[in-house]
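So the sequence shown is numbered by UniProt numbering: it starts at 1 and just counts up by one. The structure appears below as structure tokens.
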Amino acid sequence: GTEQEQSFVELKKAFLSEEVLAAFDPEKRTIVECDSSRRAIGAVLLQEGADGTLRTIAYFSRKLLVHKANYPIHNKELLAVLCCLKE
Numbered sequence: 001g002t003e004q005e006q007s008f009v010e011l012k013k014a015f016l017s018e019e020v021l022a023a024f025d026p027e028k029r030t031i032v033e034c035d036s037s038r039r040a041i042g043a044v045l046l047q048e049g050a051d052g053t054l055r056t057i058a059y060f061s062r063k064l065l066v067h068k069a070n071y072p073i074h075n076k077e078l079l080a081v082l083c084c085l086k087e
């Protein structure tokens, strides 16, 4: 129906947009950005494109276990870095 066609068009636009993940290139400058919140940690792996813009290579996120959610924020930030590098 019409609703399914609209969803399909939106999916095609999403896949053709710049937000699609790029392939990792070991020759390019790589950046890892990590963050934490009260209940979760996350990170994104980025690489610089030929035009200087940052392209997303991968995402990472994890819900924190109850005892880790009680860590001070600086410990959670470090935990995000460690978990991201292990992935």
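Here a beta-carbon is modelled for each residue, glycine too, at the ideal position from N, C-alpha and C.
Original post:
Quick one, which of P72, I57 and R39 has its alpha-carbon nearest P26's?
Top reply: I57
**OP:** State the beta-bridge partners of Y71 as determined by DSSP.
**Re:** DSSP output for Y71 lists no bridge partner at all.
**OP:** Find the nearest neighbour of A50 within the set L65, N75, E87 and R29, judged by alpha-carbon distance.
**Re:** R29
Original post:
Could you give the distance in angstroms between the alpha-carbon of Q47 and the alpha-carbon of K86?
Top reply: 18 Å
**OP:** Go ahead and label K13 buried or exposed: buried means 16 or more other beta carbons lie within 10 angstroms of its beta carbon, across all protein chains shown.
**Re:** exposed
Subject >> R39 classed as buried or exposed, judged by whether at least 16 other C-beta atoms fall within 10 angstroms >> reply: exposed
**OP:** Return yes when the Cβ of E77 is within less than 8 Å of the Cβ of S36, no when it is not.
**Re:** yes
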